[in-house]
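Working notes, beginning with the structure itself.
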DNA sequence: GCTATAGTTAGCTTCATGGCTAACCAATTG
DNA sequence: CAATTGGTTAGCCATGAAGCTAACTATAGC
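Chains as they are written, first to last, in our numbering: chain P, 10 to 138; chain X, 10 to 138.
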């Protein structure tokens, strides 16, 4: 569990950089060599390679070298586990909102009941809802 | 200074820290004061406040002070826009996988057709699956 | 076999991050 | 009013991230 958290550390840190997000987006469309990936960026290759390395150690990207060319591809597992984190948070958050809605409904009912017990009020008395 | 970071940069950077993710998770369950939030962490308050500030500037958390107590709550918009990013990536990735599946199916069919034209081959002929 | 190509390694700056302490408001509370 | 509580500001320090150049390795192509 704690391991997985540190994994998320790395994944989110990797995705916090626009260059690296662009690389991930590019790799979503299919694998590519380091040179192809680096081409759109105005950046020295060693700097770019650091980004690739960050993506690899985060688990977002895999690569293997054949000949003198290193080909990179996406490893969707990491992407998915980050997405899962959001969905978990959203689940908790929505559950709370649901409970809040229930609470509001309860308040409303109580108010209606109170109103029903006071016939001098102008409110409609209905009782069945 | 005033380096205009993109919104996603800030959101992902904010979520790259386990303390801050824990704060977000806690706030998913409902709002809390700075003191309540800081309590589980073995950290000096000024350090903790920095995390709160990072979360606020990323847009993930809102806070307001009443009296001497500052109450924090989640601002789901930022969380959702990060989640959206993943879903966009996944859409591209799945589209590619679909195309790849189509390609594989095509290859398979061609292979089967070739095998059917050569009766001296191994037993497998049709494979209706 | 020489040369161009594709990465890699090493080493250097610069700036941001994450932590600390100490001192400082400003509301509550006794 | 005095003390406590809850948070804030200021400043220091260590580490790491992001960029660069220069020099190097190892394949591919002629």
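The beta carbon of each residue, even a glycine, is placed where N, CA and C say it ideally should be.
Return yes when the Cβ of residue j is within less than 7 Å of the Cβ of residue i, no when it is not.
{"i": "residue 82 of chain X", "j": "residue 69 of chain X", "result": "no"}
{"i": "residue 41 of chain X", "j": "residue 57 of chain X", "result": "no"}
{"i": "residue 64 of chain X", "j": "residue 25 of chain X", "result": "no"}
{"i": "residue 95 of chain P", "j": "residue 73 of chain X", "result": "no"}
{"i": "residue 79 of chain P", "j": "residue 43 of chain P", "result": "yes"}
{"i": "residue 108 of chain P", "j": "residue 38 of chain X", "result": "no"}
Under three-state DSSP, which class holds residue i?
{"i": "residue 23 of chain P", "result": "helix"}
{"i": "residue 75 of chain X", "result": "strand"}
{"i": "residue 14 of chain X", "result": "coil"}
{"i": "residue 84 of chain X", "result": "coil"}
{"i": "residue 47 of chain P", "result": "helix"}
{"i": "residue 31 of chain P", "result": "helix"}
{"i": "residue 41 of chain X", "result": "strand"}
{"i": "residue 114 of chain P", "result": "helix"}
Can you give me the Cβ contacts of residue i inside the same chain, cut-off strictly under 7 Å, excluding the 5 residues immediately before and after it?
{"i": "residue 84 of chain P", "result": "68, 69, 70, 71"}
{"i": "residue 28 of chain X", "result": "50, 60"}
{"i": "residue 36 of chain X", "result": "70, 81, 82, 83"}
{"i": "residue 54 of chain X", "result": "47"}
{"i": "residue 131 of chain X", "result": "Confidence at residue 131 of chain X is low in this model, with a pLDDT of 46, below 50, so its placement is unreliable and no value can be given for it."}
{"i": "residue 77 of chain P", "result": "none"}
{"i": "residue 118 of chain P", "result": "none"}
Assign residue i to buried or exposed, taking buried as 16 or more other Cβ atoms, counted over all protein chains shown, within 10 Å of its Cβ.
{"i": "residue 98 of chain X", "result": "buried"}
{"i": "residue 111 of chain P", "result": "exposed"}
{"i": "residue 113 of chain P", "result": "exposed"}
{"i": "residue 88 of chain P", "result": "buried"}
{"i": "residue 30 of chain P", "result": "buried"}
{"i": "residue 133 of chain X", "result": "Its pLDDT being 44, under 50, residue 133 of chain X is placed unreliably by the model, and the measurement read from it follows with that caveat. Burial call: exposed."}
Can you name, in chain order, every residue of its own chain whose Cβ lies under 8 Å from the Cβ of residue i, other than the five neighbours on each side?
{"i": "residue 86 of chain X", "result": "68"}
{"i": "residue 21 of chain P", "result": "91"}
{"i": "residue 116 of chain P", "result": "none"}
{"i": "residue 52 of chain P", "result": "28"}
Within the present structure, is the beta-carbon of residue i separated from the nearest heavy atom of the ligand FAD by less than 6 Å?
{"i": "residue 22 of chain P", "result": "This structure lacks the ligand FAD, and indeed carries no ligand of any kind."}
Tell me which residues share the same chain as residue i and place their Cβ nearer than 6 Å to its Cβ, disregarding the 5 neighbours each side in the sequence.
{"i": "residue 45 of chain P", "result": "none"}
{"i": "residue 19 of chain X", "result": "67"}
{"i": "residue 11 of chain X", "result": "In this prediction, residue 11 of chain X scores a pLDDT of 41, lower than 50, which makes its location untrustworthy; the coordinate-derived value is nonetheless stated afterwards. Contacts found: none."}
{"i": "residue 138 of chain X", "result": "Caution applies to residue 138 of chain X, whose pLDDT of 39 falls short of 50 and renders its modelled position unreliable; the value that the coordinates give is listed next. Excluding positions up to five away in sequence, the list is empty."}
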